[in-house]
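In terms of the numbering used here, the sequence shown opens at residue 3 and continues consecutively.
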Amino acid sequence: MIQSLRGMNDILSDDYERFDYFIQTATAIAKRYGFHYVETPLLEETALFKRSVGESSDIVGKEMYQFTDKGDNDVCLRPEGTAGVVRAFIQQKLDKKGGIHRFYYHGAMFRYERPQKGRLRQFHQFGVESFGVDSVYEDALMIMMVADILKTLGIGYRLKLNSLGNQNCMPDYRVKLVSFIESCGDAICGDCERRKLTNPIRVLDCKNEACQALYTNAPKLINNLCSGCHSDFEKLKTILDQHNIGYEIDTHLVRGLDYYSKTAFEFVSDNIGSQSAIAGGGRYDRLIEFLDGKPTPAVGFAMGIERLLELIVMPEPVRNGYYFGAMENESLPLILKCAEKYRQTEKSVVEYEPKNLKNHLKGADRINARYCAVIGENERNSNSIWIKDLLEQKETIISLDTI
Ligand code: HAM
Numbered sequence: 003m004i005q006s007l008r009g010m011n012d013i014l015s016d017d018y019e020r021f022d023y024f025i026q027t028a029t030a031i032a033k034r035y036g037f038h039y040v041e042t043p044l045l046e047e048t049a050l051f052k053r054s055v056g057e058s059s060d061i062v063g064k065e066m067y068q069f070t071d072k073g074d075n076d077v078c079l080r081p082e083g084t085a086g087v088v089r090a091f092i093q094q095k096l097d098k099k100g101g102i103h104r105f106y107y108h109g110a111m112f113r114y115e116r117p118q119k120g121r122l123r124q125f126h127q128f129g130v131e132s133f134g135v136d137s138v139y140e141d142a143l144m145i146m147m148v149a150d151i152l153k154t155l156g157i158g159y160r161l162k163l164n165s166l167g168n169q170n171c172m173p174d175y176r177v178k179l180v181s182f183i184e185s186c187g188d189a190i191c192g193d194c195e196r197r198k199l200t201n202p203i204r205v206l207d208c209k210n211e212a213c214q215a216l217y218t219n220a221p222k223l224i225n226n227l228c229s230g231c232h233s234d235f236e237k238l239k240t241i242l243d244q245h246n247i248g249y250e251i252d253t254h255l256v257r258g259l260d261y262y263s264k265t266a267f268e269f270v271s272d273n274i275g276s277q278s279a280i281a282g283g284g285r286y287d288r289l290i291e292f293l294d295g296k297p298t299p300a301v302g303f304a305m306g307i308e309r310l311l312e313l314i315v316m317p318e319p320v321r322n323g324y325y326f327g328a329m330e331n332e333s334l335p336l337i338l339k340c341a342e343k344y345r346q347t348e349k350s351v352v353e354y355e356p357k358n359l360k361n362h363l364k365g366a367d368r369i370n371a372r373y374c375a376v377i378g379e380n381e382r383n384s385n386s387i388w389i390k391d392l393l394e395q396k397e398t399i400i401s402l403d404t405i
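Have a look at this one:
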């Protein structure tokens with residue numbers, strides 16, 4: 003029997019209800035914040051991710067679904083959504099046009115990671131990207147939006163916050179950090195040796211416990227920010243305080259992608275095991291120019307839908323729509339016609355197999371329909387339909403001419 007690939011799951015039945023409910027909720031909220039839908043291809047040139055997510059990241063270094071297509075192009079299944087949206091933004095010349103552009107998207111992402119609970123090779127993200135606003139109010143808006151979505155879905159969280167500085171303060175900090183890493187000598191792991199050369203700040207995120215113990219004394223970027231980054235970070239904290247959004251400062255939060263500057267944040271859940279990040283994002287003011295666009299400030303986030311599914315508190319199911327059934331074969335054409343009419347405004351599901359009334363009522367119950375509508379011999383002869391409102395427990399017979 004052919005099985006799905008490791009780390010690639012089907013989303014069926016109960017999970018799909020939750021998935022669909024998540025997309026509807028997040029979409030409605032994104033629209034309320036003034037965001038517009040964007041769709042970009044699943045497959046992009048590999049160079050796009052190398053230049054944006056960064057060669058020093060695990061995603062590009064180890065996890066890409068990369069191959070050469072029949073036209074000899076080096077291509078890659080998207081490991082995340084930001085790079086594609088930025089590419090589209092530049093390709094459509096929105097960077098030259100100026101102004102504010104806000105997008106949301108959802109879809110499959112691919113990372114060749116070691117699968118475990120909450121870590122898949124194909125997973126789904128809901129994300130937003132905002133272009134053209136350099137005010138830190140927009141960073142706060144991103145965080146408020148995630149908080150809004152999580153609150154609506156009944157999901158508790160902790161918010162971790164950091165600032166990664168910018169081109170003014172990062173170079174000096176990097177020098178300090180490298181000299182600290184060198185002072186650790188051989189005690190650091192092989193990965194950190196490599197990170198020291200490619201992107202030293204990434205050592206702070208090392209999963210090796212011995213390294214983490216060493217880095218507790220590492221210089222902290224938030225103590226080395228330039229005045230602009232410092233005042234923005236302070237302002238961000240004040241805005242979040244004013245909106246009653248709790249946060250903890252995590253000076254080791256560097257994010258797994260290279261394009262961030264200034265604000266970086268992650269929402270985590272304590273109820274889903276070790277893969278606890280449910281959303282992450284931040285500011286990426288340099289990325290548009292790195293991809294040959296006109297310099298444009300930008301900020302965004304993405305949420306991991308699979309990690310949220312088991313946390314979502316679903317609303318009480320309400321009976322809705324119609325169940326249609328015939329009591330004998332001769333009534334089936336009539337019932338089909340009725341269903342077709344009702345379907346223009348209501349959910350209408352037809353049972354093709356003729357059954358007695360009791361079994362049709364059971365069928366209506368199974369699909370949680372509000373109305374059970376049945377045609378038997380009597381109704382057929384009088385050109386009518388029997389309808390029971392299963393919520394109000396009221397029965398009526400109406401003429402087919404009035405439908
Ligand atoms: P990210 O932190 O790499 O950020 O991913 C966002 C979320 O996707 C994570 O918090 C997690 O919930 C989910 N996720 C990541 N990897 C997996 C996996 N292997 N299995 C299941 N879920 C996963 C980004 O992707 C950035 N593009 C976010 C962003 C948008 N920053 C600015 N704009």
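Virtual Cβ for every residue (Gly too), placed ideally from N, Cα, C.
Contained beta strand (DSSP E) runs [length at least 3] in the stretch 257-319, N- to C-terminal order: 263-270, 279-285 and 300-306
Collapsed DSSP secondary structure at Val352 in the structure displayed: strand
Start-to-end residues for the alpha helix (DSSP H) that takes in Phe235: Ser229 to Gln244
Any non-hydrogen atom of ligand 1 closer than 7 Å to Leu255 Cβ: no
Contact test: Gln118 Cβ vs ligand 1 heavy atom, cutoff 7 Å: no
The beta strand (DSSP E) enclosing Met146, as first and last residue numbers: No beta strand (DSSP E) holds Met146; the alpha helix (DSSP H) holding it covers Val138 to Thr154.
Phe21 - DSSP class collapsed to helix/strand/coil: helix
Limits of the alpha helix (DSSP H) - the one that Arg368 falls within: Leu359 to Arg368
DSSP three-state assignment for Ser59, whether helix, strand or coil: coil
Distance cut-off 7 Å: Phe105 Cβ against heavy atoms of ligand 1: no
Residue from Met146, Val40, Tyr175 and Ile13 with nearest C-alpha to Asn246: Met146
Beta-carbon proximity check, Ile314 vs Tyr23, cutoff 8 Å: yes
Separation of Gln26 from Tyr175, as counted between CA atoms: 43 Å
Local Cβ density within 10 Å of Arg20, reported as buried at 16 or more and exposed below that: buried
Lys364 vs Asn322 beta-carbon contact at 8 Å: no
Whole runs of the alpha helix (DSSP H) within the stretch 48-114, excluding any shorter than 4 residues: 48-54, 60-64, 84-93 and 96-99
Three-state secondary structure (DSSP) of Phe182: helix
Counted within 10 angstroms of its Cβ, other Cβ atoms place Val177 as buried (16 or more) or exposed: exposed
Helix, strand or coil at Ala220 [DSSP, three-state]: coil
CA-to-CA distance, Arg104 to Gly36, given in whole angstroms: 7 Å
Beta-carbon gap between Ile280 and Arg257 smaller than 8 Å: no
Contact between the stretch 375-383 and the stretch 331-339 (3+ Cβ pairs under 8 Å): yes
Buried or exposed by the 16-neighbour rule on C-beta atoms within 10 Å, applied to Arg116: exposed
Separation of Gln214 from Ile183, as counted between CA atoms: 12 Å
heavy atom of ligand 1 below 7 Å from Thr84 C-beta: yes
Ala149 and Ile241 closer than 8 Å at C-beta: no
Tyr249 beta carbon near ligand 1 (any heavy atom closer than 7 Å): no
Beta-bridge partners of Tyr2, as assigned by DSSP: The structure shown has nothing for residue 2, since the chain only spans 3 to 405.
Gly73 Cβ short of 7 Å to ligand 1 heavy atom set: no
Burial state of Phe69 (16 or more Cβ within 10 Å): exposed
Other residues of its chain near Ile31: CB distance less than 8 Å, five sequence neighbours each side excluded: Met147, Asp150, Ile151 and Thr154
Residues bridged to Gln124 (per DSSP): Met10 and Phe112
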